[in-house]
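These notes are about the structure you will find just below.
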Amino acid sequence: MMKEEVEEEPLSPTARLLQYPSIDSCIITKIGFKAEINPDVILNDLKHNVYKNSRFCRKLSANGASWIKTEVNIEDHVYVQKLDRPEMNKDGEGFIDDYVSRLTMIPLDRSRPLWD
């Protein structure tokens, strides 16, 4: 029986450093719109563009020393949060900051690509 070949790419020195629990870091991007958007349009665009950057289609190997190419389900990484206007302050920034802060307390699932 032939063993399936797995395409691996070693982590860069910086990426290896960022894997240490004492340094564990997250990069957060918030996007806000004044008008309500259609999440399906955004998801569709992501599905067509995320594969252009190979980093978004890789997960950590079991030993954490390399990236392994994998299939990506965009819906597993994008969260659409319906905002309840009464819960938000005047501009919603405080509500969003609290929401993002709670998300950063949840460790990333290292069995899939490390982005949400």
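According to our numbering, the sequence shown holds residues 1382 to 1497 in order.
Ideal Cβ positions, reconstructed from N, Cα and C, are used throughout, including at glycine.
### Query
In three-state terms, what does DSSP make of residue 1439?
Correct three-state label for residue 1439: strand.
### Query
Can you pull the DSSP bridge partners for residue 1391?
Beta-bridge pairing links residue 1391 to 1447.
### Query
Straight-line CA distance for residue 1404 to residue 1474?
Taking the Cα positions, residue 1404 is about 27 Å away from residue 1474.
### Query
Since residue 1449 and residue 1440 are thought to touch, with beta carbons under 8 Å apart, how far apart are those beta carbons, to the nearest angstrom?
Separation of the CB atoms of residue 1449 and residue 1440 is rounded to 6 Å, and the pair is thereby assigned contact status at 8 Å.
### Query
Grouping DSSP H, G and I as helix and E and B as strand, with all else coil, what is residue 1384?
For residue 1384, the predicted model reports a pLDDT of 49, less than 50, meaning its position is unreliable; a value from the coordinates is still stated below. Looking at residue 1384 - three-state DSSP - the assignment turns out to be coil, as it is neither helix nor strand.
### Message
Which residue marks the beginning of the alpha helix (DSSP H) containing residue 1428, and which one marks its end?
### Response
Unbroken alpha helix (DSSP H) run through residue 1428: 1420-1430.
### The alpha helix (DSSP H) enclosing residue 1474, as first and last residue numbers
Note, residue 1474: alpha helix (DSSP H), 1474-1485.
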